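Before any comments, here is the structure.
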Amino acid sequence: MIAHIKNIFSFCHAPINFEEVQVSSSLLDGDMDAALLAIERNGVAIKGNIETKHDDPQFHSRNVELRTKLDLYANILHCVTIPTVPSRHAGIDIVLIRENTEGEYSGLEHETVPGIVESIKIVTREKIERISRMAFEYAKANGRKKVTAVHKANIQKLGDGLFLKVVRDMSEEYKDIKFEAMIVDNASMQLVSKPQQFDVMVMPNLYGNIISNIACGLVGGPGLVSGMNLGDKYAVFETGTRNTGTSLAGKDIANPTAFIRASVDMLRYLGCHYHANIISDALWKALVEQKIHTKDIGGSNSASDVVNATLINIEKLMEENPKK
Numbered sequence: 005m006i007a008h009i010k011n012i013f014s015f016c017h018a019p020i021n022f023e024e025v026q027v028s029s030s031l032l033d034g035d036m037d038a039a040l041l042a043i044e045r046n047g048v049a050i051k052g053n054i055e056t057k058h059d060d061p062q063f064h065s066r067n068v069e070l071r072t073k074l075d076l077y078a079n080i081l082h083c084v085t086i087p088t089v090p091s092r093h094a095g096i097d098i099v100l101i102r103e104n105t106e107g108e109y110s111g112l113e114h115e116t117v118p119g120i121v122e123s124i125k126i127v128t129r130e131k132i133e134r135i136s137r138m139a140f141e142y143a144k145a146n147g148r149k150k151v152t153a154v155h156k157a158n159i160q161k162l163g164d165g166l167f168l169k170v171v172r173d174m175s176e177e178y179k180d181i182k183f184e185a186m187i188v189d190n191a192s193m194q195l196v197s198k199p200q201q202f203d204v205m206v207m208p209n210l211y212g213n214i215i216s217n218i219a220c221g222l223v224g225g226p227g228l229v230s231g232m233n234l235g236d237k238y239a240v241f242e243t244g245t246r247n248t249g250t251s252l253a254g255k256d257i258a259n260p261t262a263f264i265r266a267s268v269d270m271l272r273y274l275g276c277h278y279h280a281n282i283i284s285d286a287l288w289k290a291l292v293e294q295k296i297h298t299k300d301i302g303g304s305n306s307a308s309d310v311v312n313a314t315l316i317n318i319e320k321l322m323e324e325n326p327k328k
């Protein structure tokens, strides 16, 4: 996919130079260290999901390692229905904001005696406060009307109770934004039955993983939605559901939409709004007006077909609206 992105950027003269780092699923640390150093050096990255094949409990996910070591504490997905893509519901426009560095993803598990395993969930006021602030500030900056906190405080009264209290207290600072709290199981049901009721949703790490997959499924699947991982120093852009897509590699059938959208997110983050808008509009034209669809969303086109249509549209849009 990165070859497609480089081609698109080159075609529209986006002012981006790439440093490529290969990371495998092996136990070797060298490639992961190189990736971390590259991101620390450049500040921004776009990545595919790194497959974790190992069952050794001491071997943590490399994706989790990257997010925690770089303190990419916010995962943001924008799930919007595309008119020409089949879906159960129309009019979905939901922003999901997920805490990205703690909770069950801390990976603190041990077997006390054979057959008995303890798994430790760690949450902190500091990290809840900053993800809550991110959610309300995002809503304020983007004209959003409501923030929904997703939790399980009825059962996890201390851990999720702290999350709920912190978000609720912070909502008092944002009187113009409606606040509601919803238990995660009910939120899942409401999401598949009446998704239009949601605007911005903020949640702890594990619930965010589940809710984001549901939301992506509602708007057409994993091939359509991009994801941003943001911290105070670094930003990493990827597909929203973090699928590896190993079985699709080299077949030219994977939907490139999510990855192209991730590149658009990256350009916006870097302040390259002209190029971001051109690519976004060109892709939308390919998907909606020309109905260039890959198999996963009911079409018969290849990944290259989507990219080539996008390139043709970019050329026309740049002629109509040259950069000043």
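The sequence shown begins at 5 in this note's numbering and counts up one residue at a time.
Even glycine gets a Cβ: it sits at the ideal position worked out from N, Cα and C.
Predicted model only: the values in this text are computed from it and were never measured.
Pull the bridge partners of residue i from the DSSP assignment, please.
i      : result
His155 : Ile187
Ile120 : Val117
Leu315 : DSSP lists no partner for Leu315.
Gly107 : Ile126
Can you look up residue i in the DSSP assignment and give me helix, strand or coil?
i      : result
Val223 : coil
Tyr273 : helix
Gly244 : coil
Asn305 : strand
Ala266 : helix
Lys150 : strand
Ile126 : strand
Gln198 : What sits at residue 198 in the sequence shown is Lys, not Gln. Coil.
Ala280 : helix
Lys179 : coil
Give the range of the beta strand (DSSP E) segment to which residue i is assigned.
i      : result
Met232 : Ser230 to Leu234
Ala78  : Ala78 to Val84
Asp75  : From DSSP, Asp75 is part of no beta strand (DSSP E); its letter is neither H nor E.
Val204 : Val204 to Met207
Do residue j and residue i count as a contact pair if the criterion is CB distance below 8 Å?
i      : j      : result
Thr314 : Ile264 : yes
Phe140 : Met186 : no
Ala81  : Gly244 : Just to set this straight, residue 81 is Leu in the shown sequence, not Ala. Closer than 8 Å, so yes.
Asn217 : Asn104 : no
His279 : Cys16  : yes
Val48  : Tyr273 : yes
Gly111 : Val68  : yes
Thr261 : Leu228 : yes
Val27  : Ile54  : yes
Ala258 : Ala307 : yes
Val121 : Val204 : no
Val188 : Lys144 : no
Locate the alpha helix (DSSP H) running through residue i, then write down its first and last residues.
i      : result
Glu44  : Gly34 to Asn46
Leu166 : Gly163 to Ser175
Ile98  : Run containing Ile98: none in the alpha helix (DSSP H); it sits in the beta strand (DSSP E), Asp97 to Glu103.
Met138 : Arg129 to Ala145
Phe13  : Ile6 to Phe15
Hey, out of the options, whose CA is closest to residue i's CA?
i      : options                           : result
Gly165 : Lys150, Lys328, Asn259 and Thr128 : Thr128
Trp288 : Leu74, Glu44 and Thr85            : Thr85
Cys220 : Ile43, Asp35, Ile96 and Tyr178    : Ile96
Glu177 : Tyr211, Val229 and Met138         : Met138
Thr72  : Val89, Arg134, Glu106 and Asp309  : Glu106
Lys295 : Pro90, Leu41 and Asn53            : Pro90
Val240 : Ala39, Phe13, Asn305 and Glu323   : Ala39
Glu293 : Ser14, Thr88 and Leu76            : Thr88
Glu108 : Val117, Gly119 and Lys125         : Lys125
Given 7 Å as the limit, tell me if residue i has its C-beta closer than that to any heavy atom belonging to the ligand FMN.
i      : result
Asp309 : With respect to the ligand FMN, the structure offers nothing, as it holds no ligand at all.
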